[in-house]
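Chemist:
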Amino acid sequence: MTRKFELQPFEADQAAPVDLRALYELSVAALRLDRPDPVVLDYDDWVASLRQLAPSLGSRGYWIARRDGELVAKAVVYFPPDENEHLALTAITVAPRRRREGVGTAVLKAVLPELEARGRKLVEGWELSKGGPGAQWAVAVGMRISKSTIAQTLDIRDVDPVLWDVPAPDGFRVAEWVGAAPDELVASYARALHVMRDAPAGDSEYRLAEWTAERVREAEARHRERNVVQRVVVAVSEATGEVVALTQMDLYTDYPEWAVQQDTAVIPADRGKGLGQWVKAHMLRALLAERPSIGKIYTNVNADNEYMIRVNEQIGFTTSRSTVGVSAEIAELRRLLG
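Put into structure tokens, the structure is as follows:
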């Protein structure tokens, strides 16, 4: 008997309650199986999270797959803008009880034409557990490992705050803001952000932004539009009045108990002075003074970035799992999948 397969767009605001509940149960079951460090939201928080989009990753497509009427998988795709308009960041999740039945491959095959229709040439998947079923499947269907990363977690309850008592390096002062950089710092802040392009990134096709003051303002606006609060701490040179180091933290209104550590950068001329550790330690003190409800902070670091891994460990982060990114040309995947 032929088993009918159907891929359809999914909109949380229009979904039937029974479909939302089934999708939640699929997502939680897969998360607990695939990750040793799952962040499992309760149902109401999970529904709210469907509306919370990552500010830097562009628009999102969401599809669900049914087979003989049963919800068996989901596909979530981000379509990043600007330098990355060639790329589709894709995550396919199959219900654990329906794995090894060709469901993931069928979903990928069905969604690829949708990605090409939006002008995308490459597909990437991120943060797959190294050696896990997702990474193994991706390689089996024709994708390649494009980068190695590690997931790190800071559990506030397990860390002695004395780790954050980091003295200010001579010749620098701290500045901080929430939401928007001060006009007098935005240009040098953009220049400091630009050095993120020097950070190890493996062979990922994702291209970091060419930062300017104007693009900083655009990014700040995207955070506001998506209801994500970004806190920034920078080191300012007393001699020049310019930003020479920075760190960012994203706070999602639907998740009051955790935060996401984003970019940290130090300009080449001022590396080796402890500025990275200093701004990150200051961030933690300021963040927890303002939001004592925060219990955990999450981040991902390229596995080759030994400096940032070490800095994170110095302030209390521990490695929770090793992860990989995968990549492939969409045209080649379509050829392989037939």
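In UniProt numbering, the protein residues as written are 1 to 338.
No residue lacks a Cβ here, since even glycine has one placed at the ideal position from N, Cα and C.
From T318 to A110, what does the alpha carbon distance come to, in whole angstroms?
Modeler: The alpha-carbon atoms of T318 and A110 are separated by roughly 39 Å.
Chemist: As an exercise, report each continuous alpha helix (DSSP H) stretch of at least 4 residues that is fully enclosed by the UniProt domain "N-acetyltransferase" (10-169), in chain order.
Modeler: Complete alpha helix (DSSP H) runs here, min 4: 17-34, 43-49, 103-117, 133-140.
Chemist: Taking buried to mean at least 16 other C-beta atoms within 10 Å of its own C-beta, is Y189 buried or exposed?
Modeler: When all chains shown are included, Y189 counts as buried.
Chemist: Among all the DSSP beta bridges, which residues are the ones paired with T212?
Modeler: None; T212 has no bridge partner.
Chemist: Within 10 angstroms of the Cβ of S293, are there 16 or more other Cβ atoms? Answer buried if so, exposed if not.
Modeler: S293 comes out exposed.
Chemist: Please list the terminal residues of the continuous alpha helix (DSSP H) segment that includes R321.
Modeler: Careful: R321 lies outside any alpha helix (DSSP H), inside the beta strand (DSSP E) at 318-329.
Chemist: Based on the DSSP output, what are the partners of R231 in its beta bridges?
Modeler: According to DSSP, R231 bridges with V178, M249.
Chemist: Report the rounded CA-to-CA distance for T212 versus R191, giving the unit in angstroms.
Modeler: Their Cα atoms are separated by approximately 7 Å.
Chemist: Whole angstroms are fine: how far does the CA of V243 sit from the CA of A235?
Modeler: A235 and V243: Cα-Cα distance of roughly 6 Å.
Chemist: What residue range is occupied by the uninterrupted beta strand (DSSP E) comprising I297?
Modeler: 296-302 is the span of the beta strand (DSSP E), which, as asked, contains I297.
Chemist: Could you tell me whether the Cβ atoms of residue 340 and G295 are closer together than 8 Å?
Modeler: Nothing can be reported for residue 340, as the shown portion of the chain is limited to 1 through 338.
Chemist: Relative to the alpha-carbon of N84, which residue among V94, L122, D250 has its alpha-carbon at the smallest distance?
Modeler: Nearest option by C-alpha distance: L122.
Chemist: How big is the Cα-Cα spacing for R51 and D45?
Modeler: Using only the alpha carbons, I get a separation of about 10 Å.
Chemist: Within this structure, are the beta carbons of A54 and Y78 separated by less than 8 Å?
Modeler: Closer than 8 Å, so yes.
Chemist: Going by C-alpha to C-alpha distance, which of H282, N302, W126 sits closest to M196?
Modeler: With distances taken between Cα atoms, M196 lies closest to N302.
Chemist: Who pairs with Q8 in a beta bridge, going by DSSP?
Modeler: For Q8, which the question treats as bridged, DSSP gives the partners I64.
Chemist: By Cβ distance below 6 Å, which residues in the same chain neighbour E127 in space, the five residues on each side in sequence not counted?
Modeler: Contacts found: T323.
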